[in-house]
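Please read the structure below before turning to the comments.
Given below as structure tokens:
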């Protein structure tokens, strides 16, 4: 299934998502690698098999194998980090935040692609997973590495639409039960 077929499979009540899915996958502020890596990492974070397969199929033509692996790694590592750091940020006992995480996360330092791109994908996944601490950290890095606010906004728009499309497919699958 392609993204175009995915758009066509969305129910009528999700017409805005159909339009948005087509629009957010075009950006003057992101490179093709940044855009498609964001879309792939976001699909993986949103966890709907139909959405993952459609975006992965279209991203395959846009991303090198190294970039595909790095986008997958961003979704994987942030799946762990977002839970851990969201906890340390939200729990009342702030001593947890000063304790070493003792979690392996070397892929962040050596992602196999441009570090700014990997950080952008990590930011998008962090937005989906709702970790404010991680969003702040990754947003600062990508801005320091030259990605504009417009580029950041485009990445977050991709994450939000991909997540909403995945949630819609999850809901439709549950209702069809």
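In UniProt numbering, the protein residues as written are 1 to 177. C-beta: ideal position from N, C-alpha, C; glycine also. Note that the structure is predicted; figures quoted are calculated from it, not measured.
Thinking just about the alpha-carbon of each residue, which of the options is nearest to the one in residue i?
i, options, result
"residue 45", "115, 73, 23", "73"
"residue 159", "150, 32, 4, 43", "43"
"residue 40", "67, 139, 11", "67"
"residue 24", "170, 151, 175, 169", "151"
"residue 117", "131, 91, 137, 145", "145"
"residue 140", "131, 52, 120", "120"
"residue 114", "1, 33, 16", "33"
"residue 128", "93, 103, 165, 102", "165"
Can you tell me where the alpha helix (DSSP H) holding residue i begins and where it ends?
i, result
"residue 51", "49-60"
"residue 34", "32-46"
"residue 16", "15-24"
Measure the C-alpha to C-alpha separation of residue i and residue j and round it to an integer number of angstroms.
i, j, result
"residue 156", "residue 105", "23 Å"
"residue 180", "residue 100", "In this structure the chain extends from 1 to 177, so residue 180 is not present and cannot be described."
"residue 124", "residue 77", "13 Å"
"residue 172", "residue 65", "32 Å"
Given that a residue counts as buried once 16 or more other Cβ atoms are within 10 Å of its Cβ, and exposed if not, what is residue i?
i, result
"residue 154", "buried"
"residue 85", "buried"
"residue 95", "exposed"
Jot down the residue ranges of each uninterrupted beta strand (DSSP E) in the region 67-98, minimum 3 residues, whole runs only, in chain order. none
Start-end ranges of the alpha helix (DSSP H) lying completely within the UniProt domain "Carboxymuconolactone decarboxylase-like" (95-175), minimum 4 residues: 95-98, 115-129, 132-144
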